[in-house]
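Engineer:
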Amino acid sequence: MPQSPDLALAPRPAPSILATLARRNEVALLICLLALIIFFSLASSSFLTPRNLTNVLGQASLAMVAGVGVAIVVMSGEIDVSIGSLAGAVGIPLVTIMNMTESLPLGIAGALLLALVVGVVNGYLVAYLGINSLIATLGTMFIIRGGIYLYTGQRSIPDTAYLEEFFQLGNGRFFDFLPYPALISLIILAIFIYVMRMRPFGRQIYAVGGNPEVARLAGFDVRRVKFICLVISALLAGVAGILLSSRLGSAVHVAGLGFEFQVVAAVVLGGVSLAGGVGSLVGVALGVLILSFLSNGLGMLNLATEWQLVVTGGIIIAAVAFDEFKRRNQKQ
Numbered sequence: 001m002p003q004s005p006d007l008a009l010a011p012r013p014a015p016s017i018l019a020t021l022a023r024r025n026e027v028a029l030l031i032c033l034l035a036l037i038i039f040f041s042l043a044s045s046s047f048l049t050p051r052n053l054t055n056v057l058g059q060a061s062l063a064m065v066a067g068v069g070v071a072i073v074v075m076s077g078e079i080d081v082s083i084g085s086l087a088g089a090v091g092i093p094l095v096t097i098m099n100m101t102e103s104l105p106l107g108i109a110g111a112l113l114l115a116l117v118v119g120v121v122n123g124y125l126v127a128y129l130g131i132n133s134l135i136a137t138l139g140t141m142f143i144i145r146g147g148i149y150l151y152t153g154q155r156s157i158p159d160t161a162y163l164e165e166f167f168q169l170g171n172g173r174f175f176d177f178l179p180y181p182a183l184i185s186l187i188i189l190a191i192f193i194y195v196m197r198m199r200p201f202g203r204q205i206y207a208v209g210g211n212p213e214v215a216r217l218a219g220f221d222v223r224r225v226k227f228i229c230l231v232i233s234a235l236l237a238g239v240a241g242i243l244l245s246s247r248l249g250s251a252v253h254v255a256g257l258g259f260e261f262q263v264v265a266a267v268v269l270g271g272v273s274l275a276g277g278v279g280s281l282v283g284v285a286l287g288v289l290i291l292s293f294l295s296n297g298l299g300m301l302n303l304a305t306e307w308q309l310v311v312t313g314g315i316i317i318a319a320v321a322f323d324e325f326k327r328r329n330q331k332q
């Protein structure tokens with residue numbers, strides 16, 4: 001039945017603001033970040049200072065680096081919760097080799113080699129043996145943490161080489177302003193944004209995470225894609241661990257405890273769907289910054305740590321609920 005002219009020319013109802021933001025997740029996250037910055041800058045005179053802002057960026061950079069790797073794994077339809085233990089573990093070969101050779105490059109090579117081995121193990125268990133990624137990486141998380149305690153006797157390994165370049169790596173500032181860890185995280189973020197948006201491998205990750213069977217029929221090697229994603233996640237967790245060791249000035253046996261939950265929370269808050277195939281690294285970066293500024297601001301307001309955890313947990317639940325609303329809205 002043909003439409004009447006009046007109906008054909010009738011304007012469609014304008015979408016609601018909430019529906020528009022649901023389709024542009026990064027816009028909503030940016031608004032939330034700006035609102036947080038404005039609120040805490042009004043609540044505390046010490047918040048919006050160059051010193052505090054650069055400190056927050058330096059602290060956020062560790063979660064940013066590891067978050068890129070975890071986000072890629074989640075987009076491929078898997079999960080990696082071993083990153084916290086791995087970030088703590090890489091400090092051991094890093095500091096030990098530096099103490100023996102007084103060479104930072106050799107220490108970094110040893111740390112990244114350990115990360116590569118863990119990534120290969122995780123990737124093989126998940127992609128080729130078919131073990132659930134949560135179970136596999138949870139197992140390696142406990143094995144690595146137990147290995148740290150056994151090797152160190154639950155004591156820190158101090159940096160006795162006192163290399164200036166090692167100190168500067170985690171504590172120095174580019175042009176006396178931007179912390180080097182923040183600069184490194186921005187470079188890594190830019191590289192992987194390019195890969196995910198412009199390179200065939202990025203499209204393969206989204207395809208595999210969205211529907212592995214369809215991706216397989218399209219000619220993609222699903223197991224290879226997942227294997228590489230888990231190796232990337234481990235290597236980036238290793239980079240975060242190197243920066244963490246530099247900031248601490250030693251290999252600390254409790255380094256990285258709970259780090260995996262902080263990173264996964266930022267990834268989820270950034271709009272990466274745990275179902276796979278959906279998300280962006282820009283959103284992940286904004287999620288990391290939101291949680292970092294939130295933690296910093298609440299600390300400046302002298303809010304008890306317990307309440308900080310409650311607030312963070314509530315934000316994560318709200319982010320997941322928002323993601324569910326967005327998916328339902330897109331289906332309509």
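Quick note on numbering: our numbering labels position 167 of the sequence shown as 167, and the sequence is numbered without any gaps. The beta-carbon is built from N, C-alpha and C at its ideal position, and this holds for glycine as well.
Identify, in the order they occur along the chain, each residue of the same chain with its Cβ nearer than 6 Å to the Cβ of residue 133, setting aside the five sequence neighbours on each side.
Structural biologist: Sequence index remark: in the sequence shown, residue 133 carries index 133 (1-based). 78, 79 and 126, listed in sequence order.
Engineer: If you follow the alpha helix (DSSP H) that residue 66 is part of, which residue opens it and which one closes it?
Structural biologist: Numbered from its first residue, the sequence shown carries residue 66 at position 66. Its alpha helix (DSSP H) spans residues 50-75.
Engineer: Would you mind working out which of 97, 317 and 231 sits nearest residue 160, comparing C-alpha positions?
Structural biologist: If you number the sequence shown from 1, residue 160 lands on position 160. The residue among 97, 317 and 231 with its C-alpha nearest the C-alpha of residue 160 is 97.
Engineer: Any idea what DSSP makes of residue 259, helix, strand or coil?
Structural biologist: Counting from 1 along the sequence shown, the entry for residue 259 is found at position 259. Correct three-state label for residue 259: helix.
Engineer: What did DSSP end up calling residue 166 once you bin it into helix, strand or coil?
Structural biologist: The sequence position of residue 166 within the sequence shown is 166, counting from 1. Three-state result, residue 166: helix.
Engineer: Kindly list the residues whose CB is nearer than 7 Å to the CB of residue 319, restricted to its own chain and excluding five residues on each side of it in sequence; keep chain order.
Structural biologist: Residue mapping note: residue 319 aligns to position 319 of the sequence shown, counting from 1. Once the five neighbours on either side are set aside, the close Cβ partners of residue 319 are 268 and 269.
Engineer: Leaving out five residues on either side along the sequence, give the residues of the same chain with a beta carbon under 6 Å from the beta carbon of residue 110.
Structural biologist: Here residue 110 refers to the residue found at position 110 of the sequence shown. Hits under 6 Å: 93 and 97.
Engineer: Could you give the uninterrupted runs of the beta strand (DSSP E) lying entirely in the region 114-161, keeping only those of 3 residues or more?
Structural biologist: Within the region 114-161, no complete beta strand (DSSP E) run reaches 3 residues.
Engineer: Bridge partners for residue 173 per DSSP, in chain order?
Structural biologist: Walking along the sequence shown from the start, residue 173 turns up at place 173. For residue 173, which the question treats as bridged, DSSP gives the partners 179.
Engineer: Can you tell me whether residue 101 is buried or exposed, with buried defined as 16 or more other CB within 10 angstroms of its CB?
Structural biologist: Taking the first residue of the sequence shown as 1, we reach residue 101 at position 101. Exposed, by the Cβ-count rule.
Engineer: In whole angstroms, what separates the C-alpha of residue 284 from that of residue 68?
Structural biologist: Start at 1 with the first residue of the sequence shown, and residue 284 comes out as number 284. Start at 1 with the first residue of the sequence shown, and residue 68 comes out as number 68. For residue 284 and residue 68, the distance between alpha carbons rounds to 7 Å.
Engineer: Put residue 285 into one of helix, strand or coil per three-state DSSP.
Structural biologist: Translated into positions along the sequence shown, residue 285 becomes position 285. Note: residue 285 maps to helix in three-state DSSP.
Engineer: Would DSSP call residue 251 helix, strand or coil?
Structural biologist: In the sequence shown, residue 251 corresponds to position 251, counting from 1. Looking at residue 251 - three-state DSSP - the assignment turns out to be strand.
Engineer: Using C-beta distances below 7 Å, list every residue in its chain close to residue 248, excluding the 5 sequence neighbours before and after it, in chain order.
Structural biologist: As a position in the sequence shown, residue 248 is number 248, starting the count at 1. Excluding sequence neighbours, residue 248 sits near 255.
Engineer: State the DSSP-derived secondary structure class of residue 99, mapped to helix, strand or coil.
Structural biologist: For the purposes of this step, residue 99 is identified with residue 99 of the sequence shown, where counting begins at 1. Here residue 99 sits in helix by DSSP.
Engineer: By how many angstroms is the C-alpha of residue 215 removed from the C-alpha of residue 2?
Structural biologist: Along the sequence shown, read from residue 1 onward, the residue named residue 2 stands at position 2. Along the sequence shown, read from residue 1 onward, the residue named residue 215 stands at position 215. Reliability fails at residue 2, whose pLDDT of 48 lies under 50, so the model's placement of it is uncertain and no value is given.
Engineer: Residue 241 to residue 138, Cα distance in whole Å?
Structural biologist: The count along the sequence shown starts at 1 and reaches residue 241 at position 241. The count along the sequence shown starts at 1 and reaches residue 138 at position 138. Roughly 18 Å between the two C-alpha positions.
Engineer: I'd like to check one pair, residue 56 with residue 246: are the Cβ atoms closer than 8 Å?
Structural biologist: Your numbering for residue 246 matches position 246 in the sequence shown. Your numbering for residue 56 matches position 56 in the sequence shown. Contact flag unset, no.
Engineer: For residue 95 and residue 45, I'd like the C-alpha separation in whole angstroms.
Structural biologist: The sequence position of residue 95 within the sequence shown is 95, counting from 1. The sequence position of residue 45 within the sequence shown is 45, counting from 1. Taking the straight line joining both Cα atoms gives about 39 Å.
Engineer: Would you kindly check if the distance between the Cβ of residue 287 and the Cβ of residue 304 is under 8 Å?
Structural biologist: As a first step, residue 304 is located in the sequence shown; it is residue number 304 there, counting from the start. As a first step, residue 287 is located in the sequence shown; it is residue number 287 there, counting from the start. No. Outside cutoff.
Engineer: Since residue 317 and residue 32 are thought to touch, with beta carbons under 8 Å apart, how far apart are those beta carbons, to the nearest angstrom?
Structural biologist: By 1-based counting over the sequence shown, the position of residue 317 is 317. By 1-based counting over the sequence shown, the position of residue 32 is 32. Not confirmed; about 15 Å, so no contact.
Engineer: Do the region 190-197 and the region 168-179 touch if we need at least three Cβ pairs shorter than 8 Å?
Structural biologist: no
Engineer: Is the beta carbon of residue 91 less than 8 Å from the beta carbon of residue 234?
Structural biologist: The sequence position of residue 91 within the sequence shown is 91, counting from 1. The sequence position of residue 234 within the sequence shown is 234, counting from 1. Contact flag unset, no.
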